[in-house]
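J.: Each residue of the sequence shown is one higher than the one before, starting from 1 at the first, in the UniProt record's numbering.
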Amino acid sequence: MGKLTTIKKQECSIIRQKLEEAHKAIEVELGVKIQVGNMSYSPDGDNVTTKIEVSLEGAESKEMKSLRQHANLLGLEEKHLTQEFQMNGKTFTLRGFNPRAPKQCMLIREVGTTNDYTTTEDAVKRSLGIKAA
Numbered sequence: 001m002g003k004l005t006t007i008k009k010q011e012c013s014i015i016r017q018k019l020e021e022a023h024k025a026i027e028v029e030l031g032v033k034i035q036v037g038n039m040s041y042s043p044d045g046d047n048v049t050t051k052i053e054v055s056l057e058g059a060e061s062k063e064m065k066s067l068r069q070h071a072n073l074l075g076l077e078e079k080h081l082t083q084e085f086q087m088n089g090k091t092f093t094l095r096g097f098n099p100r101a102p103k104q105c106m107l108i109r110e111v112g113t114t115n116d117y118t119t120t121e122d123a124v125k126r127s128l129g130i131k132a133a
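#1: Could you name each continuous alpha helix (DSSP H) segment of 4 residues or more that falls completely within the stretch 5-86, going from the start of the chain to the end?
#2: I'd like to know whether the C-beta atoms of R95 and I108 end up nearer to each other than 9 Å.
#3: Under the DSSP definition of a beta bridge, which residues are partnered with E110?
#4: Would you kindly work out how many angstroms separate the C-alpha atoms of E11 and Q35, rounded to a whole number?
#5: Going by other Cβ atoms of all chains shown within 10 Å of its Cβ, with 16 needed for buried, is M106 buried or exposed?
#6: The beta strand (DSSP E) that contains T120, what's its start and end?
#7: Tell me the rounded alpha-carbon separation between R16 and K131.
#8: Would D46 and I14 be called neighbours here (beta carbons separated by less than 9 Å)?
#9: Quick one: measure Cβ to Cβ for S127 and Q86, integer angstroms, because I've assumed they're closer than 8 Å.
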C-alpha cells in the first residue's frame with residue numbers, strides 16, 4: 001500500500017489493522033493487552049484521533065470492575081457475575097456494566113466467542129431468573 005493522501009472511513013480501517021498488527025509484538029514482549037478504541041477523522045481528511053488502552057494481561061476490565069461495584073444496587077449476587085445464561089437461544093456471561101448508558105447498560109459476551117453485546121438490566125435479570133423487586 002502506498003502513502004495515504006486523505007483519511008476517511010476506509011483509511012481508518014487500514015490504520016486500525018496496521019496498529020493491531022504492530023501492537024501484537026508489544027503485547028507479547030511486555031505481557032500487556034492493547035486495545036484500539038473508536039477512531040474519528042477530521043472533515044478535511046488530514047488527521048485521525050483514537051484512544052489506545054493498555055492493561056496488564058489478565059487484569060479485570062473497567063466495565064467488570066464497575067459491575068462488581070454496582071452489583072448490590074443492581075440486585076445481583078456474586079454468583080450472577082460468572083453465571084452463564086440463555087438469551088435469544090444463545091449462551092452468555094456478564095462482561096461488565098456501563099453506568100453512563102441509561103438503557104443498554106449491561107455488557108454481555110456470547111460464550112465460545114469474542115462477541116460482546118449491550119443489553120438492558122431487565123433483560124439480564126430475566127435471563128438470570130432474578131425476580132423484579
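A virtual CB, placed ideally from N, CA and C, is assigned to each residue, including glycine.
A quick note: this is a predicted structure, and the numbers were derived from the prediction, not measured.
T.: Concretely, from the data shown:
#1: 9-30 and 62-74
#2: The residue you call residue 95 lines up with position 95 of the sequence shown. The residue you call residue 108 lines up with position 108 of the sequence shown. It is a contact, given that the beta carbons lie within the stated cut-off.
#3: In the sequence shown, residue 110 corresponds to position 110, counting from 1. Its beta-bridge partners are F92.
#4: As a first step, residue 11 must be located in the sequence shown, where it is residue number 11. As a first step, residue 35 must be located in the sequence shown, where it is residue number 35. Taking the straight line from one Cα to the other gives about 18 Å.
#5: Locating residue 106 in the sequence shown gives position 106, counting from the first residue. M106 should be labelled buried.
#6: Stepping through the sequence shown from its first residue, residue 120 is reached at position 120. No beta strand (DSSP E) holds T120; DSSP gives it neither H nor E.
#7: The sequence position of residue 16 within the sequence shown is 16, counting from 1. The sequence position of residue 131 within the sequence shown is 131, counting from 1. Between R16 and K131, the C-alpha separation is close to 43 Å.
#8: In the sequence shown, the residue the question calls residue 46 occupies position 46. In the sequence shown, the residue the question calls residue 14 occupies position 14. For D46 and I14, no; Cβs fall outside 9 Å.
#9: Here residue 127 refers to the residue found at position 127 when the sequence shown is read from its first residue. Here residue 86 refers to the residue found at position 86 when the sequence shown is read from its first residue. With 8 Å as the limit, S127 and Q86 qualify as a contact, their Cβ atoms being about 6 Å apart.
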